[in-house]
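Asker: The structure is given below, and queries will be raised subsequently.
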Amino acid sequence: MPKTVISIEHLSKSYRLGVIGTGTAFRDLERWWAKKRGQPDPYLKIDEADHGNREGETIWALRDINFTVQQGEALGIIGSNGAGKSTLLKILSQVTAPTEGVVKVKGRIASLLEVGTGFHGELTGRENIYLNGAINGMSRAEVARKLDEIVDFSGVEKYIDTPVKHYSSGMYVRLAFAVAAHLDPDILIVDEVLAVGDAAFQKKCLEKIGDVSREGRTVIFVSHNMAAMVNSCNRGILLSQGKISCDGDIRETVTQYLSIQTAAGDVDLSKVVNRSGDGRARFTRAVTRSDPVNVVDTFVIGDNLIFEINIISSEFIHSGKMGLTIISSNGIPVYNLVAEDAGFELIDLNGESRVRVVLENQKIYPGEYHVNLWMADSDYKAMDRIANAIKFTIIEGGTKVRRKLDPASAVVHEVAQWSRLS
Amino acid sequence: MPVSGNITLCKIMTTRTASAKKLKSNEKWDLILRPQRGWWDLRLGELWRYRDLVGLFVWRDFVTYYKQTILGPLWYIIQPILTTVVFTVIFGNIAKLPTDGLPAFLFYLSGNTVWTYYSTCLVSTSNTFAANAAIFGKVYFPRMVIPLSIVISNLISFAIRLGVFLAFLLYFMASGSAIHLTLWVLALPALLLIMAGMGLGLGVIISSLTTKYRDLQQLVGFGVQLLMYATPVIYPLSTVQGALRWVILANPMTAVVEVFRLGFLGTSSVDPLSLLYSVGFTLVVMLIGLLIFNRVEATFMDTV
Numbered sequence: 190m191p192k193t194v195i196s197i198e199h200l201s202k203s204y205r206l207g208v209i210g211t212g213t214a215f216r217d218l219e220r221w222w223a224k225k226r227g228q229p230d231p232y233l234k235i236d237e238a239d240h241g242n243r244e245g246e247t248i249w250a251l252r253d254i255n256f257t258v259q260q261g262e263a264l265g266i267i268g269s270n271g272a273g274k275s276t277l278l279k280i281l282s283q284v285t286a287p288t289e290g291v292v293k294v295k296g297r298i299a300s301l302l303e304v305g306t307g308f309h310g311e312l313t314g315r316e317n318i319y320l321n322g323a324i325n326g327m328s329r330a331e332v333a334r335k336l337d338e339i340v341d342f343s344g345v346e347k348y349i350d351t352p353v354k355h356y357s358s359g360m361y362v363r364l365a366f367a368v369a370a371h372l373d374p375d376i377l378i379v380d381e382v383l384a385v386g387d388a389a390f391q392k393k394c395l396e397k398i399g400d401v402s403r404e405g406r407t408v409i410f411v412s413h414n415m416a417a418m419v420n421s422c423n424r425g426i427l428l429s430q431g432k433i434s435c436d437g438d439i440r441e442t443v444t445q446y447l448s449i450q451t452a453a454g455d456v457d458l459s460k461v462v463n464r465s466g467d468g469r470a471r472f473t474r475a476v477t478r479s480d481p482v483n484v485v486d487t488f489v490i491g492d493n494l495i496f497e498i499n500i501i502s503s504e505f506i507h508s509g510k511m512g513l514t515i516i517s518s519n520g521i522p523v524y525n526l527v528a529e530d531a532g533f534e535l536i537d538l539n540g541e542s543r544v545r546v547v548l549e550n551q552k553i554y555p556g557e558y559h560v561n562l563w564m565a566d567s568d569y570k571a572m573d574r575i576a577n578a579i580k581f582t583i584i585e586g587g588t589k590v591r592r593k594l595d596p597a598s599a600v601v602h603e604v605a606q607w608s609r610l611s
Numbered sequence: 377m378p379v380s381g382n383i384t385l386c387k388i389m390t391t392r393t394a395s396a397k398k399l400k401s402n403e404k405w406d407l408i409l410r411p412q413r414g415w416w417d418l419r420l421g422e423l424w425r426y427r428d429l430v431g432l433f434v435w436r437d438f439v440t441y442y443k444q445t446i447l448g449p450l451w452y453i454i455q456p457i458l459t460t461v462v463f464t465v466i467f468g469n470i471a472k473l474p475t476d477g478l479p480a481f482l483f484y485l486s487g488n489t490v491w492t493y494y495s496t497c498l499v500s501t502s503n504t505f506a507a508n509a510a511i512f513g514k515v516y517f518p519r520m521v522i523p524l525s526i527v528i529s530n531l532i533s534f535a536i537r538l539g540v541f542l543a544f545l546l547y548f549m550a551s552g553s554a555i556h557l558t559l560w561v562l563a564l565p566a567l568l569l570i571m572a573g574m575g576l577g578l579g580v581i582i583s584s585l586t587t588k589y590r591d592l593q594q595l596v597g598f599g600v601q602l603l604m605y606a607t608p609v610i611y612p613l614s615t616v617q618g619a620l621r622w623v624i625l626a627n628p629m630t631a632v633v634e635v636f637r638l639g640f641l642g643t644s645s646v647d648p649l650s651l652l653y654s655v656g657f658t659l660v661v662m663l664i665g666l667l668i669f670n671r672v673e674a675t676f677m678d679t680v
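As given, the protein sequences belong to chains A and B, one line each in that order. Position 312 (the first sequence) corresponds to 501 in our numbering; numbering is contiguous. Position 251 (the second sequence) corresponds to 627 in our numbering; numbering is contiguous.
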């Protein structure tokens with residue numbers, strides 16, 4: 190029977206909005222005096238005045254949250270900005286207390302809301318390991334025991350006795366994460382800390398997080414990187430406006446989240462300066478969709494990949510050619526989609542036009558991709574070229590593939606016909 | 377799920393958390409987070425578990441201070457000497473305040489040495505929340521670790537100042553001044569404990585009250601300066617007479633400064649027993665500080 194390690198009951202957290210206080214006693218006195226004489230608040234911003242009396246107005250960052258976490262679960266918390274993810278992690282990490290409700294925990298919690306909290310530039314790498322370890326609840330003896338392992342993991346052995354102010358930001362982050370990775374807590378809480386560091390480092394971190402949960406420890410993970418979430422978690426909780434709107438398998442939760450996401454995958458190209466071509470016609474906007482209704486920037490294998498591209502031409506162009514190249518994050522061109530191949534031409538361009546490109550049932554491996562756009566006249570004279578015009582992400586999940594896809598093993602996912610001959 | 381052997385413990389937990397509904401009586405939780413901690417839920421055991429962190433903070437302050445600047449340690453020597461020279465000229469030579477028959481320079485230096493430790497403890501701990509908001513916002517450890525380590529770190533600069541004082545003391549003794557050590561020298565550790573405790577207690581109270589109003593912080597430096605004039609730092613207790621004497625005696629720092637002089641310089645008009653008053657005051661202030669700090673630390677991040 191799985192053991193419940195975290196139990197959250199009726200958890201709410203509110204913050205007072207508007208008049209939190211001006212931060213100084215003198216100003217608050219002034220404000221009180223103005224109010225007393227029936228004058229407007231001298232420190233209210235002008236555009237706030239319309240909202241009437243904001244005093245005492247509260248915002249509920251979390252509202253009546255209830256869930257339990259079992260030992261060994263890797264739980265991903267998903268939600269758009271302001272949904273309450275960080276507040277939840279802050280309460281679990283004891284950085285702040287709940288307004289209502291109770292959180293009960295078994296075992297030691299280590300939280301990684303930031304990499305390298307308390308690092309001091311004047312201290313050497315080794316000294317900072319001790320300090321950071323202690324801040325995160327390790328005893329000196331514990332750090333000493335794990336020192337070699339930490340140094341090894343960080344990959345900065347050579348500079349371990351150099352003050353960290355001389356470190357590159359990459360080394361700094363690697364060292365800091367190395368400490369965090371060796372805290373050996375029963376419950377590890379990780380906020381969006383992996384946004385820093387290069388791809389190799391991020392991979393290492395995610396592997397470590399995976400290891401931790403395989404060892405039977407519990408992980409709670411917050412990230413905007415849906416691919417990482419699907420890779421490292423098995424359960425997902427979707428928060429929206431401080432409430433749980435979905436709790437279940439991570440793939441389902443991610444899918445649910447992506448379906449409510451809007452505005453991502455919509456790029457204004459009119460102000461891009463890094464472009465070439467004579468500019469007779471120019472790209473002004475690019476949008477990615479998976480269906481005619483929703484604008485998204487994240488897809489699963491099997492989704493339709495739809496691009497809608499706006500063009501403006503400054504003169505009448507009888508016939509134009511167009512194409513887009515999809516390039517993986519490590520620079521491999523995956524597709525070169527050329528209008529000509531489909532027998533499509535930009536006929537009689539004059540003023541604004543809009544083009545839709547549909548790649549049905551796309552089969553690209555999980556990862557990040559960017560798209561280069563180009564447009565030329567009938568003599569192949571370039572009118573507009575933009576590299577890296579729009580980006581999209583393919584993540585694990587969907588109904589087409591149920592095994593884990595390693596982005597290092599292939600670029601395009603094909604299902605061959607298999608049969609047994611003898 | 378049955379958890380054997382914890383039945384008694386759980387009973388205690390249930391009574392302590394009676395307000396929490398749905399608590400299963402057969403489960404033992406290591407940590408229970410709720411909106412407000414009890415007044416007496418001081419978690420001193422947890423503070424003890426983090427003692428290595430206190431040590432590391434002290435060590436960090438020490439190491440970074442000496443790594444950064446060569447003038448740092450030197451400043452600890454220059455500052456008291458310069459202050460004392462100014463005091464000697466203004467209060468001794470111009471205002472002609474009496475110094476209990478002691479060499480004026482040594483008199484002011486002794487007062488300055490003691491007072492500086494106390495005032496730095498008070499001022500730097502009173503800034504705990506505001507100065508550490510960045511780290512407090514990202515990781516949990518008992519917040520009391522910070523003021524505690526500040527008070528201990530300050531002992532290092534005190535030791536340097538004390539060294540300066542002792543050097544001058546030896547010089548004056550060798551040149552035949554009428555000073556002699558008394559057994560009250562041995563009270564020095566107790567004096568330090570009183571100053572550390574009182575500075576910490578008051579500082580922590582102020583820091584708890586100033587989480588909302590940062591400008592009150594500016595009053596602290598000013599207040600400490602005023603407090604110095606209510607303490608026999610630049611004048612001996614023996615010159616204060618009448619009703620004013622009671623005001624000065626009501627100041628718990630008076631006995632500390634005077635007993636220090638009694639020990640190292642051999643002259644003072646203080647009744648050493650008034651130290652007991654200082655001890656009592658310190659204990660009360662520390663308790664109040666601990667209680668208020670404990671109330672504030674859980675949610676101060678929301679107001680900073």
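We put the beta carbon where it would ideally sit given N, CA and C, even for glycine.
#1: Considering Cα atoms alone, identify which of A:E504, A:Q551 and A:S517 is closest to D537 of chain A.
#2: Measure from the C-beta of Q430 of chain A to each C-beta in chain B and report whether the shortest distance is under 8 Å.
#3: Quick one, which of B:S654, B:A566 and B:Y441 has its alpha-carbon nearest L625 of chain B's?
#4: Does N270 of chain A get closer than 8 Å to chain B when you measure Cβ to Cβ?
#5: Going by CA-CA distance only, name the one from B:L613, B:R419, B:G431 and B:L569 that's closest to L652 of chain B.
#6: Short of 6 Å in beta carbon distance, which residues of its chain neighbour G265 of chain A, apart from the five on each side in sequence? Order them along the chain.
#7: Counting Cβ pairs, one atom from each stretch, are 3 or more of them under 8 Å apart for the stretch 478-485 of chain A and the stretch 507-520 of chain A?
#8: Please confirm if the stretch 542-562 of chain B is in contact with the stretch 574-594 of chain B, defined as three or more CB-CB distances below 8 Å between the two stretches.
#9: Would you say Q445 of chain A reaches chain B, if we count a Cβ-Cβ gap shorter than 8 Å as a contact?
#10: Among A:A286, A:D373, A:L281 and A:E303, which residue has its Cα nearest to the Cα of G326 of chain A?
#11: Might you give, ordered along the chain, the residues of its own chain that have their beta carbon closer than 7 Å to the beta carbon of I582 of chain B, omitting 5 neighbours on each side?
#12: Determine the chain B residues that contact P287 of chain A at a beta-carbon separation under 8 Å, and present them in chain order.
#13: Buried or exposed, going by whether 16 or more other CB atoms sit within 10 Å of the CB of Q606 of chain A?
#14: Relative to the alpha-carbon of D380 of chain A, which residue among A:M360, A:E404 and A:S412 has its alpha-carbon at the smallest distance?
#15: Do the stretch 568-576 of chain A and the stretch 587-597 of chain A meet, that is, are 3 or more Cβ pairs less than 8 Å apart?
#16: Looking at P479 of chain B and R537 of chain B, is the spacing between their C-beta atoms short of 8 Å?
#17: May I ask you to list, following chain order, the residues of the stretch 428-453 of chain B that have a beta carbon less than 7 Å from some beta carbon of chain A?
#18: Beta carbon of S269 of chain A: closer than 7 Å to some heavy atom of the ligand HEM?
#19: Would you verify that the beta carbon of A506 of chain B is, or is not, closer than 8 Å to some beta carbon of chain A?
#20: Here's a check: name, in chain order, each residue in its chain whose Cβ is nearer than 7 Å to the Cβ of R252 of chain A, leaving out the five neighbours to either side.
#21: Which runs of the alpha helix (DSSP H), 4 residues or longer, sit entirely within the stretch 470-501 of chain B?
#22: Check whether the Cβ of D236 of chain A lies closer than 8 Å to any Cβ atom in chain B.
#23: Just to confirm, are L603 of chain B and V646 of chain B a CB contact at a threshold of 8 Å?
#24: Just the Cα atoms here: how many angstroms apart are S495 of chain B and M571 of chain B?
#25: With contact counted as at least three CB pairs below 8 Å, one residue from each stretch, are the stretch 272-290 of chain A and the stretch 308-323 of chain A in contact?
#26: For G513 of chain B, which residues in chain A fall below 7 Å Cβ to Cβ?
#27: For W416 of chain B, count neighbouring C-beta atoms within 10 Å of its own C-beta (all shown protein chains included) and say buried if the count is 16 or more, exposed if not.
#28: Counting Cβ pairs, one atom from each stretch, are 3 or more of them under 8 Å apart for the stretch 461-478 of chain B and the stretch 538-546 of chain B?
#29: Does any residue of chain B have a CB that is nearer than 8 Å to the CB of R243 of chain A?
#30: Quick one: is R252 of chain A near chain B, going by C-beta distance under 8 Å?
#31: Alpha carbon to alpha carbon, how far is E403 of chain B from H355 of chain A?
#32: Run the CB neighbour count on R670 of chain B, radius 10 Å, all protein chains shown included, and call it buried at 16 or more, exposed below.
#33: Do we get a CB-CB distance below 8 Å when we pair D699 of chain B with the residues of chain A?
#34: Can you tell me the Cα-Cα spacing of S203 of chain A and A674 of chain B, whole angstroms?
Answerer: Walking through what the data contain:
#1: Ranking A:E504, A:Q551 and A:S517 by CA distance to the CA of D537 of chain A puts A:E504 first.
#2: Q430 of chain A is outside the set of residues whose beta carbon lies under 8 Å from a beta carbon in chain B.
#3: Just measuring C-alpha positions, the residue of B:S654, B:A566 and B:Y441 sitting nearest L625 of chain B is B:S654.
#4: By this cut-off, N270 of chain A is not an interface position.
#5: Checking every option, the nearest Cα to that of L652 of chain B belongs to B:L569.
#6: Once the five neighbours on either side are set aside, the close Cβ partners of G265 of chain A are F410, M418, C422, G425 and I439.
#7: They do not touch, by the three-pair rule.
#8: No: fewer than three Cβ pairs fall under 8 Å.
#9: With its beta carbon at least 8 Å from every one in chain B, Q445 of chain A lies outside the interface.
#10: Nearest in C-alpha terms to G326 of chain A, of all of A:A286, A:D373, A:L281 and A:E303, is A:D373.
#11: Leaving aside the five residues that flank I582 of chain B on each side, the residues in its chain whose CB is nearer than 7 Å to its CB run, in chain order, S502 and V596.
#12: Simply L409, R410 and P411.
#13: Under this definition Q606 of chain A is an exposed residue.
#14: The option with the nearest alpha carbon to D380 of chain A is A:S412.
#15: Too few Cβ pairs lie closer than 8 Å, so no.
#16: Taking 8 Å as the cut-off, the Cβ atoms of R537 of chain B and P479 of chain B do not count as close.
#17: Among the residues of the stretch 428-453 of chain B, those with a Cβ less than 7 Å away from any Cβ of chain A are D428, L429, L432, R436, V439, T440, K443 and Q444, in the order of the chain.
#18: The ligand HEM is absent from the structure shown, which contains no ligands of any kind.
#19: By the rule that beta-carbons nearer than 8 Å mark a contact, A506 of chain B does not touch chain A.
#20: Cβ within range, chain order: S201, G431 and K432.
#21: Listed in chain order, they are 480-501.
#22: In this prediction, D236 of chain A scores a pLDDT of 44, lower than 50, which makes its location untrustworthy; the coordinate-derived value is nonetheless stated afterwards. So, not an interface residue.
#23: Annotated as distal: L603 of chain B and V646 of chain B, with beta-carbon spacing of 8 Å or more.
#24: The alpha-carbon atoms of S495 of chain B and M571 of chain B are separated by roughly 9 Å.
#25: They do not touch, by the three-pair rule.
#26: Those within 7 Å of G513 of chain B in chain A are V284.
#27: By the beta-carbon neighbour count (other beta carbons within 10 angstroms, threshold 16), W416 of chain B is exposed.
#28: Contact annotation: the stretch 461-478 of chain B does not touch the stretch 538-546 of chain B, with fewer than three C-beta pairs closer than 8 Å.
#29: Confidence is the limiting factor: at R243 of chain A the pLDDT is only 43, short of 50, which leaves the residue's position unreliable and the question unanswerable from this model.
#30: No, no contact with chain B.
#31: Computed Cα separation, rounded: 50 Å.
#32: Strictly speaking, residue 670 of chain B in this sequence is Asn, with Arg absent from that position. So N670 of chain B counts as buried.
#33: Because chain B is modelled from 377 through 680, residue 699 of chain B falls outside the range shown and cannot be assessed.
#34: A straight line joining the alpha-carbon of S203 of chain A with that of A674 of chain B spans about 14 Å.
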